[in-house]
Amino acid sequence: MYRYSGRHVLKVGPLLTHRVEDRLVEESPMELRMMGVPIAVVMRTPGQEEDLALGFAITEGIVDGPQEVARVRSIGTGDRYELELAEGVEIDPEQFRRNTYTSSSCGVCGKASIDAVLVASGPLPPGPELTPQMITSLPDRLRQAQLSFAATGGSHAAGLFSPGGELLVIAEDVGRHNAVDKAIGALARQRWPLGELILAVSGRISFEITQKAAVAGIPVVAGISAASSLAVDLALEVGMTLAGFVRGEEMVVYAGERRLGRESST
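Residues in the sequence shown are numbered consecutively from 3, following my numbering.
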């Protein structure tokens, strides 16, 4: 279910200037705690808080999988949520505590970050073997399911697809990395490990997107816009297939050509 707020705005054009009610994607802070210790505040679109919390815990390397989380519960007043660990799981929350909030466009950079991901993530699945046509079909399939974007034009989307192109789960959020966490958290509740899946995103592919995919064990990432240099470096390091500018019948494959089932022409 998408969330939006109505605002009266002035719409200016060459022939007509008038006031209309516009739909804006919602954005508000969410505090995540573990053992009573605040570990992060994320700016997100309200909804799917449990999925977001679980996905965040997995992709940030706080837990090794959904089996280490007993539940996510709302606490007190406002948007505060407690990540309750499963019995026998011991984690020091202070080591994951962030001193600043995570904005809806944040990212992490540097070779040290790549090294940290290599430690936190296991080996990626060798497959799946895909055709270029299947990958280039994903943006349209994702777009058709973007209800929030259709209503507001202001949200990012992340979808997890099977190797055959079936959309298994979609999530939308004002933050592209939040959408990824929501999608991963939602599917992790159903199955773990996630397996040989494809993560498709509606925008550019930042380092944080590839980081979250790698830690969650997702071997293929595709987006409709460009990938950053550090995202490509990480994909090469972990053996991920990374495709950007997936539009129409074309795409740019930055890493992992072997999963396309044929060598790219030179």
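In this text, a Cβ means the ideal position worked out from N, Cα and C, and glycines have one as well.
For L12, count neighbouring Cβ atoms within 10 angstroms of its own Cβ and tell me buried if that reaches 16, exposed if not.
Exposed, since its Cβ has fewer than 16 Cβ neighbours within 10 Å.
In terms of alpha-carbon separation, which member of E89, F209 and L87 lies closest to D235?
It is F209.
In its own chain, which residues sit with a C-beta less than 8 Å from the C-beta of M253, not counting the 5 before and 5 after it?
P134, I137, T138, A224, A245, G246 and F247
Do the region 68-86 and the region 196-204 make contact, defined as three or more Cβ pairs closer than 8 Å?
The region 196-204 and the region 68-86 do not touch, with fewer than three beta-carbon pairs separated by less than 8 Å.
Within the chosen definition, does the region 24-33 reach the region 187-195 through at least 3 CB pairs nearer than 8 Å?
no
As a quick exercise: from E89, D94 and E52, pick the residue whose alpha carbon is nearest that of R82.
Nearest to R82 by C-alpha distance, out of E89, D94 and E52, is E52.
With H, G and I counted as helix, E and B as strand and the rest as coil, what does DSSP make of E23?
strand
Starting from P221, follow its DSSP beta bridges and name the residues at the other end.
Answer is none; P221 lacks a bridge partner.
Shortest alpha-carbon distance to G263 belongs to which of E198, G129 and I207?
G129
Please tell me whether R25 and T154 are closer than 9 Å, where the distance is taken between their beta carbons.
yes
What is the DSSP secondary structure of T243, reduced to helix, strand or coil?
strand
From this set, E251, A237 and E96, which residue's C-alpha is nearest V119's C-alpha?
Of all alpha-carbon atoms in E251, A237 and E96, the one lying nearest the alpha-carbon of V119 is that of A237.
Pick from A216, V44, E259 and L126: whose alpha carbon is nearest that of V176?
Checking every option, the nearest Cα to that of V176 belongs to V44.
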